[in-house]
Structures are given as structure tokens and as C-alpha cells.
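*Asks:* All letters in the sequence shown, in the order written, are residues 1 to 204 by this note's numbering.
Beta carbons: idealized from backbone N, C-alpha and C, even for Gly.
For clarity, every value in this text was computed on a predicted model and none was experimentally measured.
Pasting in a structure now, in C-alpha cells, and then I'll have a few things to ask.
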Amino acid sequence: MSSHEVPSPVESPAPTDASMDSVRNTVIEAADQLFYERGIQQVGMDELRAAAGVSLKRLYAEFEGKDAIVLAVLRRRHAMWVRGIDEAADRYEGGREKLLGIFDFLATWFATDDFRGCAFINAFGELGGSSERVAQAAREHKQSFQTYVDGLVADLGAPETLARQLVLLAEGAQTTSAITGDPTAAQHAREAAEVLIAAATAPA
1 MSSHEVPSPV ESPAPTDASM DSVRNTVIEA ADQLFYERGI QQVGMDELRA
51 AAGVSLKRLY AEFEGKDAIV LAVLRRRHAM WVRGIDEAAD RYEGGREKLL
101 GIFDFLATWF ATDDFRGCAF INAFGELGGS SERVAQAARE HKQSFQTYVD
151 GLVADLGAPE TLARQLVLLA EGAQTTSAIT GDPTAAQHAR EAAEVLIAAA
201 TAPA
């Protein structure tokens with residue numbers, strides 16, 4: 001399992017044919033948009049069925065319930081996050097630049113019109129107290145990011161504490177930008193990250 005992979009709690013059953021796969025993807029995409037824009041608990045199954053263009057019977061044939069749809073959406077969001085972080089890192093050479101590239105990725109994301117914060121933080125805030133599977137999915141997503149940053153920091157030869165500090169900056173920037181609507185939180189976090197990296201890698 002790679003440092004980016006999310007274990008079984010957010011995995012959904014494998015489709016048995018292309019048609020089922022297509023229906024599942026349509027439902028997940030519709031749910032992702034509705035949940036992210038309005039919140040999970042504000043979206044009912046009838047509304048989701050209508051948005052996806054499927055019958056309620058077919059919806060329940062694909063997913064055992066709303067929690068299963070939420071978990072599938074989170075798995076999709078995790079894949080989007082991993083892809084974005086990896087693509088950002090690929091633009092740079094060297095550990096320092098790759099670490100700062102995380103904040104460049106955040107800056108681009110925060111500036112999009114549909115940015116509503118971290119879907120995992122949002123889901124945990126709504127359902128973390130009532131759904132252990134959703135809470136676990138959120139924990140595992142965050143841990144996978146921490147593990148990824150741990151690896152970059154280790155490659156840089158810097159102390160492990162730097163990785164913890166950088167992840168806190170990235171997580172804090174997501175929450176701050178979502179609440180304030182100000183995308184410059186990513187730039188402020190990047191500037192703080194530069195200071196931390198310089199201090200952690202300065203010659204003794």
C-alpha cells in the first residue's frame with residue numbers, strides 16, 4: 001500500500017459490468033457535487049436520485065445506503081487530492097521545492113469558484129460523531145497526507161517535526177480559506193513553510 005492509498009473503509013464494491021460502473025460513477029459524481037456544495041445532511045436520497053437521473057430502486061441496488069455513497073465520494077476526493085499533490089510535486093526538483101509545491105497546489109485550489117474547504121473535514125464535522133466509517137475514512141486520508149510529507153522531509157534530511165509542522169500549516173490553510181473565503185491563506189502558509197524549512201535545514 002502506498003503512502004497515498006486509503007485502506008478498505010472507503011472502498012466500494014467492485015462493479016460487475018461496465019453499465020453498473022457507469023451508473024455508480026454518475027451517482028458518485030452527483031453526490032460529490034451536492035454534498036460539497038450544500039452539506040451531506042442537507043441532501044436527501046430523492047434529490048440525489050433525481051440529480052443522478054436514476055430510479056430510487058437502482059440507487060439502492062448500487063449502494064446499501066447513504067453512508068456507502070458518502071464513503072464512495074470520499075474515496076473519489078482522496079484520489080483527486082493525491083493526483084493534485086503528485087502533479088504539483090512533479091513540477092519541481094528537490095525536496096524543498098516539492099514541499100513548497102504543496103502550498104502552490106493549495107493556492108490554485110483555493111482560488112477555484114467552487115472551493116468549499118476540505119471534503120474530509122466537512123464530512124467529519126457532519127458525521128464523524130455518528131458514523132465511525134466516515135470518521136475512519138477522514139483519519140486515514142489525513143494520515144496518508146502526513147505520511148507523504150514525512151517522506152519528503154526525510155528525503156530532505158530534516159527532522160520529523162518539520163513534517164508535522166508543515167501538515168498543520170496546510171490543514172490550517174484549508175480551514176482558514178474555507179471560512180474566510182480568502183485564497184491568500186495558501187500564500188501565507190507557504191511563506192511560513194519557507195521559514196520552517198530554512199530553520200530545519202540550516203547548518204548546525
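I need the straight-line Cα distance from Asp155 to Asp21, nearest angstrom please.
*Replies:* Roughly 39 Å separates the two Cα atoms.
*Asks:* Check the C-beta distance from Leu74 over to Ala135 and give it rounded, since I have them as a contact under 8 Å.
*Replies:* With 8 Å as the limit, Leu74 and Ala135 do not qualify as a contact, their Cβ atoms being about 11 Å apart.
*Asks:* Nearest to Thr201 by alpha carbon, out of Gly84, Val43, Glu171, Ala163?
*Replies:* Residue Ala163 is the option with its Cα nearest to Thr201.
*Asks:* Can you have a look at Gly94 and say buried or exposed, based on whether 16 or more other CB atoms are within 10 angstroms of its CB?
*Replies:* Label assigned to Gly94: exposed.
*Asks:* Taking the alpha-carbon positions, what's the Asp32 to Ala185 distance?
*Replies:* Whole-angstrom Cα-Cα distance: 24 Å.
*Asks:* Do you know how far the Cα of Ala137 is from the Cα of Pro9?
*Replies:* Because Pro9 carries a pLDDT of 37, less than 50, the predicted location of this residue cannot be relied on, and no value is offered for it.
*Asks:* Leaving out five residues before and five after Tyr36 in sequence, what residues of the same chain have Cβ atoms less than 7 Å from its Cβ?
*Replies:* The residues are Arg116, Ala119.
*Asks:* Rounded to the nearest angstrom, how far is the Cβ of Leu127 from that of Val70, given a contact under 8 Å?
*Replies:* Confirmed, Cβ separation roughly 7 Å.
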